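Written below as structure tokens is the structure these notes are about.
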Ligand code: CUK
Ligand code: CUA
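In my numbering, the protein residues as written are 3 to 663.
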């Protein structure tokens, strides 16, 4: 009886998952299973010998991706401390790529000599200091009319307040910008519905420009900013010359989200230190964790960014460290900034797909609080407010609060599906709460069910879950602790990304995926067919930094070494299976600029390049031209070679750099 149950489960699910796979390569595979009789006896043996339950088999089939078949979604996950973005296929949870962003990465030739990558990384230098790591938190896909468009991805670096731009045609980082006024960031990256701006907010307040000021002068001198980085979609770059910031009190702003549809033009950011606690437990002061949690309410910051952009364009700003900043006074006078009280130590703020409601989750409050944009706009019109010490209107809580739903302990972040449900992570409960996104009637907002996750969930990510039209189907829980989920690997454990099926009536955990490179705070999941990635660069001699043909492109037969005094320029090509020239003869003291063009156009025909003793590692992808510079300051005989096993004669793909004393 049980055996029949398992077999029919396998059958039903196998049929369903075949329907689900749309975008797959043709291949000469055997006929799909059509009846339980087609299933091999061994399937039953595997199930019983491994003690699999029908649920396990169900989960296995839902995530199984046969060789050569592609996933339905891409998950772009923050790589946390690795300073990278991890690209994962859903539902298989296979890692497809790690995109190097803030941290050098040798395989991709990022930060190991290539002029293009050094230029990008140097964009994130702080006071001239090379910062070569990151703490990535929130990836954000570019949007058109509130939907992911698959063109660009942005991600922030919390530790040094930087934002990076990744082009999804080649999955490479193109730009890093450093906010000139803050050193600590968190509320980013969040895009406005047409990616006009990328929102970035301070976390820990400092004097603007992170100049020195004694902590005793906190309320007076310390500030935060919410920066609106203008995005030039045509150039695929943030345009700092069109960007502006808004000064905010030193309240430790946290997560942000942009309004959409009903709330288009607004942006929302939490805060959690309206106490303006300054710590100093060693001086007998209350410690930060107590000082910051004294008040019952902090403030949801409500920005009218469309109006702020007009105020900026009208020149009503003050330039601070080269960035036009709208002062608090101007924001108040122009009606750009309002506060709404929000319960104890809020963390996430998430706007519902229709843009009508903002969901705020407080770490120390078991309920989520829902605000309605029409109530916020009405309270502003009726001036239902009192003023905070900085003169900013605090809207009446009861006037703007729409509903509250008790979900459980430690609610943090919320995502949405296509059936009118919201999913909120419960850090302390180690659970995901599913609840209804109600309507006008506050009683229509209700908890539906909870499912345990393992363990200490932070963010969660639903398919297209931040857009105006979420897909539903899949949810990934980004758990901080794995504890007992995987075979032991020493005291530093991976985090656990859990795939959850949200297509049915009840949530089901399908798969545990260890993330062993850093803490994935947040991720966004996009339908795979929206990504139009290049198979090779559009033209031989392509410079991925400018996304155009490189002036140093070298075609077959054009290879040469040019010398002008002690300035040497090498024009090299790579093709299976040789690097030309094979001898680079230099003199000690030469300065060498070296260009390599991969003249191949075949998909996957990548050549790498490393130069012994000189810390050079490049990836030269089909069609790409890469340049690097060295000072030949040590005479000797050096070998360079291709680092991708590109052909049967790959080991012969080498050459000598001879530096004559
Ligand atoms: S944060 Cu890490 S769990 Cu940076 Cu969005 Cu909430
Ligand atoms: Cu080219 Cu190995």
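Heads up, the beta-carbon is just placed ideally off N, CA and C, and yes, glycines get one too.
This structure is a prediction, so every number in the text was calculated from the model and none was measured.
If you draw a straight line from the C-alpha of residue i to the C-alpha of residue j, how long is it?
i, j, result
"residue 364", "residue 478", "21 Å"
"residue 404", "residue 213", "41 Å"
"residue 165", "residue 179", "5 Å"
"residue 578", "residue 562", "19 Å"
"residue 422", "residue 438", "6 Å"
"residue 285", "residue 75", "52 Å"
"residue 386", "residue 401", "8 Å"
"residue 464", "residue 501", "10 Å"
"residue 243", "residue 539", "30 Å"
"residue 570", "residue 191", "42 Å"
"residue 557", "residue 602", "10 Å"
"residue 42", "residue 48", "10 Å"
"residue 681", "residue 88", "In the structure displayed, the chain extends from 3 to 663; residue 681 sits before or after that span and is not available."
"residue 305", "residue 338", "6 Å"
"residue 512", "residue 624", "37 Å"
"residue 544", "residue 99", "21 Å"
"residue 622", "residue 108", "12 Å"
"residue 573", "residue 596", "6 Å"
"residue 265", "residue 300", "22 Å"
"residue 18", "residue 70", "With a pLDDT of 44 at residue 18, under the threshold of 50, the modelled position of this residue cannot be trusted, and the question is left open."
"residue 473", "residue 466", "6 Å"
"residue 410", "residue 256", "21 Å"
"residue 216", "residue 340", "29 Å"
"residue 394", "residue 223", "17 Å"
"residue 560", "residue 536", "26 Å"
"residue 281", "residue 78", "36 Å"
If residue i and residue j are in contact, beta carbons under 8 Å, what's the gap, nearest whole angstrom?
i, j, result
"residue 67", "residue 73", "6 Å"
"residue 189", "residue 207", "Going by Cβ atoms, the distance from residue 189 to residue 207 rounds to 13 Å, so no, they are not a contact pair."
"residue 461", "residue 427", "6 Å"
"residue 159", "residue 82", "That belief does not hold up - the Cβ atoms of residue 159 and residue 82 are roughly 11 Å apart, past 8 Å."
"residue 104", "residue 135", "6 Å"
"residue 456", "residue 498", "6 Å"
"residue 343", "residue 270", "Not really, about 14 Å apart at Cβ, beyond 8 Å."
"residue 201", "residue 260", "6 Å"
"residue 628", "residue 620", "5 Å"
"residue 64", "residue 93", "6 Å"
Are the C-beta of residue i and some C-beta of chain C separated by less than 9 Å?
i, result
"residue 141", "This model lacks chain C altogether, as it is built from one protein chain only."
Short of 6 Å in beta carbon distance, which residues of its chain neighbour residue i, apart from the five on each side in sequence? Order them along the chain.
i, result
"residue 440", "446 and 447"
"residue 484", "495, 496 and 498"
"residue 361", "352, 370, 372 and 416"
"residue 113", "106, 119 and 123"
How is residue i classed by DSSP in three states: helix, strand or coil?
i, result
"residue 502", "strand"
"residue 437", "strand"
"residue 391", "coil"
"residue 268", "strand"
"residue 83", "helix"
"residue 276", "coil"
"residue 402", "helix"
"residue 1", "Here the chain comprises residues numbered 3 to 663, so residue 1 is not present and cannot be evaluated."
"residue 168", "strand"
"residue 190", "coil"
"residue 310", "helix"
"residue 508", "coil"
"residue 2", "Here the chain comprises residues numbered 3 to 663, so residue 2 is not present and cannot be evaluated."
"residue 376", "helix"
"residue 366", "coil"
"residue 452", "strand"
"residue 382", "helix"
Go through its chain and collect everything with a Cβ distance to residue i's Cβ below 8 Å, but skip five positions before and after it.
i, result
"residue 327", "183, 210, 227, 246, 247, 248, 249, 319, 320 and 321"
"residue 523", "80, 82, 138, 139, 140, 460, 461 and 480"
"residue 636", "590, 615 and 661"
"residue 96", "67, 73 and 90"
Looking only at its own chain, which residues have a Cβ that is under 7 Å from the Cβ of residue i, when we skip the five neighbours before and after it?
i, result
"residue 643", "612, 655 and 656"
"residue 277", "293, 294, 296 and 297"
"residue 594", "570, 572, 588, 631, 632 and 634"
"residue 580", "655"
"residue 649", "578 and 579"
"residue 617", "114 and 115"
"residue 356", "263 and 264"
"residue 530", "25, 72, 73, 74, 75 and 76"
Continuous beta strand (DSSP E) assignments of at least 3 residues falling wholly in the stretch 514-595: DSSP assignment within the stretch 514-595 yields the following whole beta strand (DSSP E) runs of 3 residues or more, N-terminal first: 525-529, 562-566, 569-577, 580-582 and 585-589.
Start-end ranges of the alpha helix (DSSP H) lying completely within the stretch 30-74, minimum 4 residues: Runs of the alpha helix (DSSP H) lying entirely within the stretch 30-74 and spanning at least 4 residues, in chain order: 43-51 and 56-65.
Entirely enclosed beta strand (DSSP E) segments - the stretch 456-501, minimum 3 residues: Counting only runs of 3 or more residues that sit fully inside the stretch 456-501, the beta strand (DSSP E) segments are 459-464 and 476-481, in chain order.
Segments of 4+ residues assigned as alpha helix (DSSP H) that fall wholly inside the stretch 100-161: The stretch 100-161 contains these whole alpha helix (DSSP H) runs: 117-124.
Runs of alpha helix (DSSP H) wholly within the stretch 207-236 (minimum 4 residues, chain order): Runs of the alpha helix (DSSP H) lying entirely within the stretch 207-236 and spanning at least 4 residues, in chain order: 220-223.
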